[in-house]
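Enquirer: Let me begin by handing over the structure; questions about it come next.
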Amino acid sequence: MQALSVADGGALEDIVSLTPIGEPRQKITVATLRDKKLQHQPITCLTAYDYASARLVDEAAIDIILVGDSLAQTMLGYENTLSVTVDEMLHHTRAVRRGVKHAFLVADMPYGSFHVTVDETIRNAARFVKEGGAEAVKMEGGEKRADLIRRVIDAEIPVAGHIGLTPQSVNVLGGYKVQGKTLGAIEQLMHDAVALDRAGVACIYLEGIPREVAAMITAEVETPTIGIGAGPECDGQVLVFHDILNLTFGPPAKFVRRYAEAAALITDAVQAFRADVLSRQYPSDGESYHLPRETQQTLETVLERKQGVRR
Ligand code: KIV
């Protein structure tokens, strides 16, 4: 279906794409994200973990595609994000890279890959750029990671920060709990955000913090903030691909909005295929290959001769 735009005279309810037709889609860069913050244009971000989802997300004009370490759970079935490795993250980043043309591609550095020496951190980060095709790496942590992040940026690798409920710290935090609820915690979050801002990160992910705190941080820093469970005042919003499609096999977090029931859709399709095979409804003649007419005729002649010889 051809997308209809306001320029074509489409009524608002008819519009299926907000990208004006004929206008070439712009490649999103660190500078684009900064411009969007300055112009108060919301930034969109979704995770993607493979070629097909990356293509769909990119073609829907999402600004940032994040190969999140949440793939440990959504794609690999791990309990949490701690066990996913650099090689596993790279495998998925390469697949996503092949599906992305316009979005800014960020890859998560997994737990353990930047909790090492500065040199090893830079080596790991560079693998995401050289081998994975990422345009930035994401590192969890605020003030205490700021110097390290600065060194990675000095190595020409853009970095996305991530503070608040940082899942790689689940064992230290004692669970997936909303952060920044006390005055002391708010003060620390402000220090974290400002330290990342000064280090020159490309954007700051704010996860699982009160709306009021995210609003204060967003107003304070020049870096675009991308919220997840951080309220509407952030400069942008990110959600996990599997969450918006209900492909997670469990109840969603409070901030998740389901936009489709993909699990039910897939289950219906799989069950219908099974039923068709069991009842011999699949494949039909139209779904089968056929011999060319000439070969068919020759084959029939050969078979008839064989039968004649047997008689
Ligand atoms: O791994 C991930 O998907 C993330 C986002 C939720 C921010 O870090």
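Using our numbering, you'd call the opening residue of the sequence shown number 199 and step up by one each time.
Every residue gets a Cβ at the ideal spot worked out from N, C-alpha and C, and that includes glycine.
Give a yes or no on whether the C-beta atoms belonging to Ile351 and Val304 are separated by under 7 Å.
Expert: no
Enquirer: Three or more C-beta pairs under 8 Å: does that hold for the region 225–234 against the region 244–253?
Expert: no
Enquirer: Answer with yes or no whether the minimum CB distance from Glu338 to chain B is below 7 Å.
Expert: Judged by its chain identifiers, the structure shown contains no chain B, having just a single protein chain.
Enquirer: Can you name, in chain order, every residue of its own chain whose Cβ lies under 7 Å from the Cβ of Ile415, other than the five neighbours on each side?
Expert: Leu387, Met388, Ala391, Leu404 and Thr423
Enquirer: Just to confirm, does Ser367 get its C-beta within under 6 Å of one of the non-hydrogen atoms of the ligand KIV?
Expert: no
Enquirer: Under 7 Å, do Ala323 and Val314 count as touching if we go by C-beta distance?
Expert: No, the Cβ-Cβ distance between Ala323 and Val314 is not below 7 Å.
Enquirer: Alpha helix (DSSP H) containing Gly425: first to last residue?
Expert: Note, Gly425: premise wrong, no alpha helix (DSSP H); beta strand (DSSP E) at Thr423 to Ile426.
Enquirer: Within 6 Å: the Cβ of Ile355 and any heavy atom of the ligand KIV?
Expert: no
Enquirer: Near the ligand KIV, which residues have their beta-carbon closer than 7 Å to a heavy atom?
Expert: Thr245, Leu264, Gly266, Asp267, Ser268, Thr279, Asp306, Lys336, His360, Pro365, Tyr403, Glu405, Ile426, Val436 and Val438
Enquirer: What are the start and end residues of each continuous alpha helix (DSSP H) run of 4 or more residues lying completely inside the region 296–350, in chain order?
Expert: Here the runs fully enclosed are 316–328.
Enquirer: Determine the contact status of Gly331 and Ile361, defining contact as a CB-CB distance below 7 Å.
Expert: At the C-beta level, Gly331 and Ile361 stay beyond 7 Å of one another.
Enquirer: Between Pro490 and Arg503, what straight-line distance do the alpha-carbon atoms span, to the nearest angstrom?
Expert: Straight-line Cα distance between these residues: approximately 20 Å.
Enquirer: Suppose the cutoff is 8 Å on Cβ atoms and the five residues either side in sequence are ignored; what does the same chain contact list for Arg456 look like?
Expert: Counting only Cβ-Cβ distances below 8 Å, and skipping sequence neighbours, we find Asp441, Ile442, Leu443, Asn444 and Pro450.
Enquirer: Roughly how many angstroms lie between the CA atoms of Met307 and Arg396, to the nearest whole one?
Expert: 21 Å
Enquirer: Secondary structure at His360, three-state DSSP: helix, strand or coil?
Expert: If DSSP states are grouped into helix, strand and coil, His360 belongs with the strands.
Enquirer: State the start and end residues of the unbroken alpha helix (DSSP H) segment that holds Gly484.
Expert: That residue, Gly484, is in no alpha helix (DSSP H); it is neither H nor E in DSSP.
Enquirer: Checking the sheet assignment: what are the DSSP bridge partners for Tyr247?
Expert: In the DSSP output, where bridge partners are listed per residue, Tyr247 has none listed.
Enquirer: Reducing DSSP to helix, strand and coil, say where Gln237 ends up.
Expert: coil
Enquirer: Whole angstroms are fine: how far does the CA of Tyr276 sit from the CA of Val368?
Expert: 14 Å
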